[in-house]
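Asks: Numbering (our numbering), first residue to last: 91 to 234. Backbone N, C-alpha and C define an ideal beta-carbon position, used for all residues, glycine too. Structure in structure tokens, see below.
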């Protein structure tokens, strides 16, 4: 099975961001699915994506995430995740939480890391599918 780790911002942008971003993300995820990739997330992704909807008691978004993650492989955090993440943070120049995501993906033999964050573009330890949303940014309203 070809596992692709889907980073938190992909989910947050897909379900809580601008509609145009959702279309771009869905297109890329559909391409990966057609190529035989199975999607996975970690408990860290669940924590990051569920925090705001729970704080806002947004049951619609919570239910959406629960439905999607029910169809996605859930990777558990393993005992040495933080030790491994420290090394990854140093070598890849990542923030701690980002390194934890990469550490979990590598430990679980994911063969691809999918993100919308620019700092993952040049990861060396795992192949990346970077979803570039910059070309699809909605026009900013000038309130001056």
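So, with DSSP's three-state summary, where would you put residue 179?
Replies: In the structure shown, residue 179 sits in a helix (DSSP, three-state: H, G or I).
Asks: If the criterion is Cβ atoms closer than 8 Å, does the pair residue 97 and residue 226 meet it?
Replies: In this structure, residue 226 does not lie closer than 8 Å to residue 97 by Cβ.
Asks: Just checking my contact of residue 163 with residue 205 at CB under 8 Å: how many whole Å lie between their CB atoms?
Replies: No, residue 163 and residue 205 are not in contact; Cβ-Cβ is about 17 Å, not under 8 Å.
Asks: Let me know if residue 108 comes out buried or exposed under the rule of 16 or more other beta-carbons within 10 Å of its beta-carbon.
Replies: Answer is exposed; the Cβ neighbour count stays below 16.
Asks: For residue 92, collect the residues of the same chain with a Cβ closer than 6 Å to its Cβ; drop the 5 residues on either side in sequence, then sort them by chain order.
Replies: Cβ neighbours of residue 92 beyond the five flanking positions: 126, 127 and 201.
Asks: Our contact map puts residue 118 next to residue 221 with C-beta atoms below 8 Å; I'd like the distance itself, whole angstroms only.
Replies: With a Cβ gap of about 5 Å, residue 118 and residue 221 count as contacting.
Asks: Enumerate in chain order the residues of its own chain whose CB-to-CB distance from residue 189 is below 6 Å, with the five nearest sequence positions on each side excluded.
Replies: Here the set comprises 175, 178 and 179.
Asks: Between 223, 224 and 219, which has its C-alpha nearest residue 121's C-alpha?
Replies: With distances taken between Cα atoms, residue 121 lies closest to 219.
Asks: Starting from the C-beta of residue 197, find all residues in its chain whose C-beta is less than 6 Å away, skip the five residues before and the five after it, and write them out in chain order.
Replies: Excluding positions up to five away in sequence, the list reads 168.
Asks: For residue 130, write down the residues that DSSP places opposite it in a beta bridge.
Replies: BP columns for residue 130 point to 95 and 163.
Asks: In chain order, what residues of the same chain lie with their CB nearer than 8 Å to the CB of residue 228, ignoring the 5 residues before and after it?
Replies: The residues are 108 and 110.
Asks: Less than 8 Å between the beta carbons of residue 223 and residue 103, yes or no?
Replies: Going by C-beta atoms, residue 223 is nearer than 8 Å to residue 103.
Asks: Classify residue 203 as helix, strand or coil using the three-state DSSP reduction.
Replies: Correct three-state label for residue 203: strand.
Asks: Can you list, in chain order, the residues of its chain whose CB lies under 7 Å from that of residue 159, leaving out five sequence neighbours each side?
Replies: Closer than 7 Å at the Cβ level, and outside the excluded window around residue 159, lie 131 and 136.
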